[in-house]
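*Asks:* For the sequence shown, our numbering gives the first residue as 391, with consecutive numbering after it. We put the beta carbon where it would ideally sit given N, CA and C, even for glycine. This structure is a prediction, so every number in the text was calculated from the model and none was measured.
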Amino acid sequence: MEFSFNTFFGFEKDLMAHPEMLIFAALLTPILLMLPIALVGWVFRKLKFNMYIINVLLYTLMFTFLLGILTIFVLYFITDKNGIKLMYCWLTVFAGMFFFCLMNEKTITKMFTDWSKIIEQKDKSRK
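1) With DSSP run on the structure shown, which of helix, strand or coil describes residue 440?
2) Give the single residue among 458, 511, 486 and 485 whose Cα lies nearest to the Cα of residue 415.
3) In chain order, what residues of the same chain lie with their CB nearer than 6 Å to the CB of residue 417, ignoring the 5 residues before and after it?
4) So, for residue 467: in the same chain, excluding its five sequence neighbours on each side, which residues have a beta-carbon less than 6 Å away from its beta-carbon?
5) Around the Cβ of residue 410, are there at least 16 other Cβ atoms within 10 angstroms (buried) or fewer (exposed)?
6) Alpha carbon to alpha carbon, how far is residue 474 from residue 465?
7) Taking Cβ positions, are residue 483 and residue 497 nearer each other than 9 Å?
8) Is it true that the stretch 442–452 meets the stretch 486–503, where meeting means three or more beta-carbon pairs spaced less than 8 Å apart?
9) Where residue 431 and residue 476 are concerned, what is the direct C-alpha to C-alpha distance, given to the nearest angstrom?
10) Where does residue 440 land, buried or exposed, given buried means 16+ other C-beta within 10 angstroms?
11) Classify residue 471 as helix, strand or coil using the three-state DSSP reduction.
12) For a test of the three-state rule: what should DSSP assign to residue 510, helix, strand or coil?
13) If the criterion is Cβ atoms closer than 9 Å, does the pair residue 421 and residue 434 meet it?
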């Protein structure tokens, strides 16, 4: 059996009939997945467990939300609106963001820590 890009785990008919639903899925999936992962991260932080993989997943979902939805919008409006190909593109963006965040977790965490310190200093200087 050979692989075909015209199949997607049995969802071919739905993706081809309603490719615009992929926009909503690309928008809502990262947001809905962030909530339980953030809750697990909060529990891990309270128990003083390693937060590396939780941070990687949260950063992946955040960057996928920001860049994945932009990618889907651009591809949806300039291509043939093939839902299966759009889904593969979104999964490629997600996988790319995951590996990027996996390799750069410490740098991203330091960036957010530095930004929060700068914001705190500005708030103190205004008072």
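*Replies:* Let me lay it out:
1) Correct three-state label for residue 440: coil.
2) Looking from the CA of residue 415, the closest CA among 458, 511, 486 and 485 belongs to 458.
3) Sequence-distant partners of residue 417 (beyond 5 residues in either direction) whose C-beta falls short of 6 Å from its own C-beta, in its chain, are 459.
4) For residue 467, there are no CB contacts under 6 Å within the same chain when 5 residues up- and downstream are skipped.
5) Residue 410 counts as exposed, since fewer than 16 other C-beta atoms from the protein chains shown sit within 10 angstroms of its C-beta.
6) The alpha-carbon atoms of residue 474 and residue 465 are separated by roughly 12 Å.
7) The Cβ atoms of residue 483 and residue 497 do not sit closer than 9 Å to each other.
8) Counting C-beta pairs with one atom in each stretch, the stretch 442–452 and the stretch 486–503 have three or more that are closer than 8 Å, which means they touch.
9) Per the coordinates, the alpha-carbon of residue 431 lies some 31 Å from the alpha-carbon of residue 476.
10) Around the Cβ of residue 440, a 10 Å sphere holds fewer than 16 other Cβ atoms; the residue is exposed.
11) Here residue 471 sits in coil by DSSP.
12) DSSP, read as helix, strand or coil, puts residue 510 in helix.
13) Cβ atoms of residue 421 and residue 434: not closer than 9 Å.
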